[in-house]
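Novice: Residue numbers (this note's numbering): 71 to 258.
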Amino acid sequence: MAKVLVVDDEPDYRSQLKSLLTAEGYQVETAEDGVRAIELARAFRPDVLVADWMLRSSRHGIQVCESLRHTLPSLVTILITGYPTEQLRADAARAAVFAFLEKPFEADELRDAVRRAADYGARPAGAVDPAARRIGHCSECGTPLPLLRPADGEMGQSWACAFCGNTYRAVLEPDGPNELRLNVRAID
Ligand SMILES: [Zn+2]
71 MAKVLVVDDE PDYRSQLKSL LTAEGYQVET AEDGVRAIEL ARAFRPDVLV
121 ADWMLRSSRH GIQVCESLRH TLPSLVTILI TGYPTEQLRA DAARAAVFAF
171 LEKPFEADEL RDAVRRAADY GARPAGAVDP AARRIGHCSE CGTPLPLLRP
221 ADGEMGQSWA CAFCGNTYRA VLEPDGPNEL RLNVRAID
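1. Span of the alpha helix (DSSP H) holding A165?
2. Identify the residues that DSSP records as bridge partners of T147: which are they?
3. Buried or exposed: which applies to T147, given that a residue is buried once 16 or more other Cβ atoms fall within 10 Å of its Cβ?
4. Output yes or no for whether 8 Å exceeds the beta carbon distance between A183 and S228.
5. Starting from K73, follow its DSSP beta bridges and name the residues at the other end.
6. Is any heavy atom of ligand 1 found at a distance shorter than 7 Å from the C-beta of E210?
7. My assumption, with CB atoms under 8 Å, is that L215 sits in contact with C208. Please give the rounded CB distance.
8. Less than 8 Å between the beta carbons of L138 and I108, yes or no?
9. Shorter than 7 Å, the distance from the beta carbon of N248 to the closest heavy atom of ligand 1, or not?
10. Quick one: is G226 buried, meaning 16 or more other Cβ sit within 10 Å of its Cβ, or exposed?
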């Protein structure tokens, strides 16, 4: 079962998340701030990081994610936030944050996000999702963009064009009343 590191500076919240995820069978450690998280992660080696964006200490959630990725390149991060602004989404996309959990969220949303993150972290190297499709070409240089899965849009996954370095983000856009269409958007 996957190992999950929870970083949140509110003690009640932290213990709630821990008991919820422990009940799902995950091995869970918690940290009250980014410095402690980085210390803990050295020995614990989490597969999934669940971090609050707004940490009272000097490091916020995305910084924790970026620091940990140096030693744990396959770490999959879920960011908890009350206010997912456009700027925060752009920063998170650049840091390859896997998913957002918007406060307040239901227990099921957390379970679902962590399950998807753990599955994603455990995917075989080079695995191609059968749902993956090529969405388009780089608007700057015309190089075909990589295969995308609907989940990439959900996660706001971003990448740079291999040829010119233009950066793109996968988005799910409304397409009819009940449909979403996977698309790409250039990041400034
Ligand atoms: Zn290009």
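For every residue, glycine included, the Cβ atom is placed at its ideal position computed from N, Cα and C.
As the structure is a computational prediction, the values presented were derived from the model and not from experiment.
Specialist: So, from the data block:
1. If you number the sequence shown from 1, residue 165 lands on position 95. Under the DSSP assignment, A165 falls outside any alpha helix (DSSP H); it carries neither an H nor an E label.
2. Translated into the one-based positions of the sequence shown, residue 147 becomes position 77. In DSSP, T147 forms a bridge with L119.
3. As a working note, residue 147 is residue 77 in the sequence shown. If you draw a 10 Å sphere on the C-beta of T147, you find 16 or more other C-beta atoms in it, and that means buried.
4. Counted from its first residue, the sequence shown places residue 183 at position 113. Counted from its first residue, the sequence shown places residue 228 at position 158. The answer is no: Cβ separation not under 8 Å.
5. In the sequence shown, residue 73 corresponds to position 3, counting from 1. Note: K73 sits in a beta bridge opposite Q97.
6. Residue numbering aside, residue 210 sits at position 140 when the sequence shown is read from its first letter. Checking every heavy atom of ligand 1 against the Cβ of E210, one is found closer than 7 Å.
7. The residue given as residue 215 occupies position 145 in the sequence shown. The residue given as residue 208 occupies position 138 in the sequence shown. With a Cβ gap of about 6 Å, L215 and C208 count as contacting.
8. As a first step, residue 138 is located in the sequence shown; it is residue number 68 there, counting from the start. As a first step, residue 108 is located in the sequence shown; it is residue number 38 there, counting from the start. Contact: yes.
9. Translated into the one-based positions of the sequence shown, residue 248 becomes position 178. Of the heavy atoms belonging to ligand 1, none sits nearer than 7 Å to the Cβ of N248.
10. On the sequence shown, position 156 is the one that residue 226 refers to. Buried.
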